[in-house]
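*Asks:*
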Amino acid sequence: MKIAIIGTGYVGLTTGACLSELGHHVACHDVNSIKIASLSRSVSPIFEPGMQELMTRSIRAGRLQFTTDLGRATRGRELVFLAVNTPSDQSGDVDLSFVFDAICSVAPFLDHQCTLVIKSTVPPGTAGRVEDMLHGELRRPDIRVASNPEFLREGQAIVDFLNPDRIVIGADDPVSAGRLSTLFKPLTDKGAPLLITRPVDAETIKYAANAFLALKIGFINNVADLCEGIGGNIDDVSRGVGLDRRIGGAFFSPGPGFGGSCFPKDTRGFAACGRAADAPQPLVDTLIMENEARKIKLATRIVSALGPSPAGARVAVLGTAFKADTDDMREAPALTIIPVLQRAGIHVTAHDPRASAAGQSVLGDVEWHADPMSAAEDADAVVILTEWKIYQRLDLGALSRRMRGRHLFDYRNLFDAEAAAMHGLHYRSLGRPPALATEAFMGGVIPVSQAAE
Ligand code: NAD
66 MKIAIIGTGY VGLTTGACLS ELGHHVACHD VNSIKIASLS RSVSPIFEPG MQELMTRSIR
126 AGRLQFTTDL GRATRGRELV FLAVNTPSDQ SGDVDLSFVF DAICSVAPFL DHQCTLVIKS
186 TVPPGTAGRV EDMLHGELRR PDIRVASNPE FLREGQAIVD FLNPDRIVIG ADDPVSAGRL
246 STLFKPLTDK GAPLLITRPV DAETIKYAAN AFLALKIGFI NNVADLCEGI GGNIDDVSRG
306 VGLDRRIGGA FFSPGPGFGG SCFPKDTRGF AACGRAADAP QPLVDTLIME NEARKIKLAT
366 RIVSALGPSP AGARVAVLGT AFKADTDDMR EAPALTIIPV LQRAGIHVTA HDPRASAAGQ
426 SVLGDVEWHA DPMSAAEDAD AVVILTEWKI YQRLDLGALS RRMRGRHLFD YRNLFDAEAA
486 AMHGLHYRSL GRPPALATEA FMGGVIPVSQ AAE
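All residue numbers for the sequence shown refer to my numbering, where the first residue is 66 and numbers rise by one.
Written out as structure tokens, the structure is:
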């Protein structure tokens with residue numbers, strides 16, 4: 066099929082590259098001419114495993130093109146996807162201005178009777194509003210509007226898109242439902258479940274799914290706190306609970322609070338929808354507050370460990386992306402935690418294998434390093450914020466020797482407490498007991514439980 070995508074960011078590019086891999090002809094449009102110039106040279110502007118190879122293959126096969134020209138993008142296309150950003154506004158409501166601006170721009174160019182598919186995450190009822198706009202002020206009563214929310218995870222976007230848990234189509238008319246079913250046939254033929262529903266329900270599915278996953282993270286963070294209070298071990302607890310198939314082990318590891326381009330804004334959006342519909346969502350309201358409070362609490366834990374006068378201390382932050390395998394810094398915990406350290410007068414050094422460029426544009430006064438060991442040089446404390454695999458492989462002995470202080474805050478539970486203690490580190494992870502090693506075993510090093518905090 067011939068399709069167009071308006072908005073070529075993480076979702077638009079993944080959708081375009083994957084649909085062209087399935088044999089469709091895809092034109093990707095964006096208002097950002099720098100991005101389109103880069104893509105036209107076959108250079109992905111984002112880091113996403115496998116993206117570069119996938120794009121290059123489809124471009125060479127003539128199935129994937131990039132343009133800033135809306136007419137060129139949409140001519141002869143029966144499905145036009147909208148994958149523009151939908152950030153939060155100041156009050157936490159969803160800012161739909163990018164969606165409505167894009168609709169106004171594209172409306173005159175759409176082929177007769179084509180289907181406009183909203184892939185952006187939007188509040189329930191948005192497809193209906195877009196249809197009213199098109200059929201009214203924009204004078205395009207021939208255009209059909211459908212919803213096709215996206216569930217991919219950054220860092221695994223291609224695998225997720227090509228092996229979805231389900232494909233959700235929200236369409237009130239059979240033509241659009243038929244077109245979208247045909248588009249995704251290569252995936253449904255391989256067994257991907259297809260749910261066809263009304264647009265309002267498709268939109269709600271996306272919000273409710275993200276709110277539920279975020280609640281799972283918030284819940285396991287609370288259980289990790291409980292484990293710290295009672296001397297328990299969250300690794301065993303989360304595994305034991307998650308092995309229950311009704312619960313599952315995904316999104317069930319403690320961390321420094323969720324971030325990224327979706328969970329923070331989508332939980333705020335979901336809560337705002339609830340308020341507007343007179344159906345408050347108190348669980349999600351609480352989650353949003355708790356998640357922000359957690360980032361501050363874990364930052365304060367680092368400051369307190371550095372004694373009564375932390376000013377002048379050096380702290381190395383390893384990992385600034387909101388999670389591993391992405392260069393995305395949107396609402397990353399580092400954006401809250403690093404400024405708390407800096408306000409206490411602490412000098413922050415940082416490393417991230419992919420997000421340092423993005424980090425430099427949003428974080429001031431941070432000394433960036435090209436490798437984790439040099440970031441840790443002379444540090445009083447090292448803090449792990451992102452679960453990058455290269456950090457798991459760090460030589461703790463070498464790290465300890467490069468540091469001047471002893472504190473290792475592992476907010477992704479990458480290391481073993483005993484191993485860290487053996488290298489003389491005051492190791493603090495989330496929801497796990499301190500090292501069980503004895504003083505003799507550790508060669509006179511103070512056990513973590515007694516270390517000044
Ligand atoms: P993004 O910011 O990476 O990309 C959005 C793109 O849209 C940008 O390149 C921007 O230049 C472009 N754009 C904005 N206005 C435009 C216009 N009028 N015409 C053409 N292009 C325009 O955002 P993203 O992460 O790809 O997210 C897009 C949507 O998908 C959001 O609603 C998001 O919530 C949703 N979503 C994101 C993810 C994810 O992991 N990133 C997953 C599922 C759903």
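Note that the Cβ used here is the ideal one computed from N, Cα and C, for glycine as well.
Do you know how far the Cα of residue 233 is from the Cα of residue 261?
*Replies:* The alpha-carbon atoms of residue 261 and residue 233 are separated by roughly 6 Å.
*Asks:* Mark residue 395 as exposed unless 16 or more other C-beta atoms lie within 10 angstroms of its C-beta, in which case mark it buried.
*Replies:* Buried is the call here.
*Asks:* Thinking residue 85 and residue 133 are a contact (beta carbons under 8 Å), I'd like their distance in whole angstroms, please.
*Replies:* Contact flag wrong, Cβ pair sits at about 19 Å.
*Asks:* Quick one: any contact between the region 268-279 and the region 322-332, if contact means 3 or more CB pairs under 8 Å?
*Replies:* The region 268-279 is in contact with the region 322-332.
*Asks:* Write down the C-beta distance between residue 71 and residue 171 rounded to the nearest angstrom, noting that I regard them as a contact closer than 8 Å.
*Replies:* Residue 71 to residue 171, Cβ: 6 Å. Contact.
*Asks:* In this structure, how does DSSP classify residue 131 when only helix, strand and coil are distinguished?
*Replies:* Here residue 131 sits in strand by DSSP.
*Asks:* First and last residue of the alpha helix (DSSP H) that includes residue 75?
*Replies:* 75-86 is the span of the alpha helix (DSSP H), which, as asked, contains residue 75.
*Asks:* Following the continuous beta strand (DSSP E) through residue 67, name the residue where it begins and the one where it ends.
*Replies:* Note, residue 67: beta strand (DSSP E), 67-71.
*Asks:* Using only the heavy atoms of the ligand NAD, determine whether one of them is closer than 7 Å to the beta carbon of residue 82.
*Replies:* For the ligand NAD, not one heavy atom lies less than 7 Å from the Cβ of residue 82.
*Asks:* Specify the secondary structure class of residue 414 as computed by DSSP and reduced to three states.
*Replies:* Strand at residue 414.
*Asks:* As a quick exercise: from 453, 454 and 413, pick the residue whose alpha carbon is nearest that of residue 440.
*Replies:* Residue 440 has its Cα closest to that of 413, out of 453, 454 and 413.
*Asks:* In or out: residue 354 buried (at least 16 other Cβ within 10 Å) or exposed?
*Replies:* With fewer than 16 Cβ atoms within 10 Å of its Cβ, residue 354 is classed as exposed.
*Asks:* In the structure shown, what three-state DSSP assignment does residue 374 receive?
*Replies:* Three-state DSSP puts residue 374 in coil, outside helix and strand.
*Asks:* For residue 305, which of helix, strand or coil comes out of DSSP?
*Replies:* Note: residue 305 maps to helix in three-state DSSP.
*Asks:* Starting from residue 312, follow the beta strand (DSSP E) in both directions and report where the run begins and ends.
*Replies:* Looking at the DSSP string, residue 312 is not in any beta strand (DSSP E), and its letter there is neither H nor E.
*Asks:* Would you identify the three-state DSSP class for residue 331, choosing helix, strand or coil?
*Replies:* It is helical.
*Asks:* Listed in chain order, which residues are found with a beta carbon closer than 6 Å to a heavy atom of the ligand NAD?
*Replies:* Chain-ordered list of matching residues: 71, 72, 73, 74, 75, 76, 77, 94, 95, 96, 97, 100, 148, 149, 150, 151, 163, 166, 167, 170, 185, 186, 215, 217, 219, 326 and 327.
*Asks:* How big is the Cα-Cα spacing for residue 203 and residue 179?
*Replies:* Distance between the alpha carbons of residue 203 and residue 179 is about 15 Å.
*Asks:* Distance check for residue 126 and residue 283, CA to CA, integer angstroms please.
*Replies:* Computed Cα separation, rounded: 45 Å.
*Asks:* Using the C-alpha atoms, what's the distance from residue 229 back to residue 257?
*Replies:* Computed Cα separation, rounded: 6 Å.
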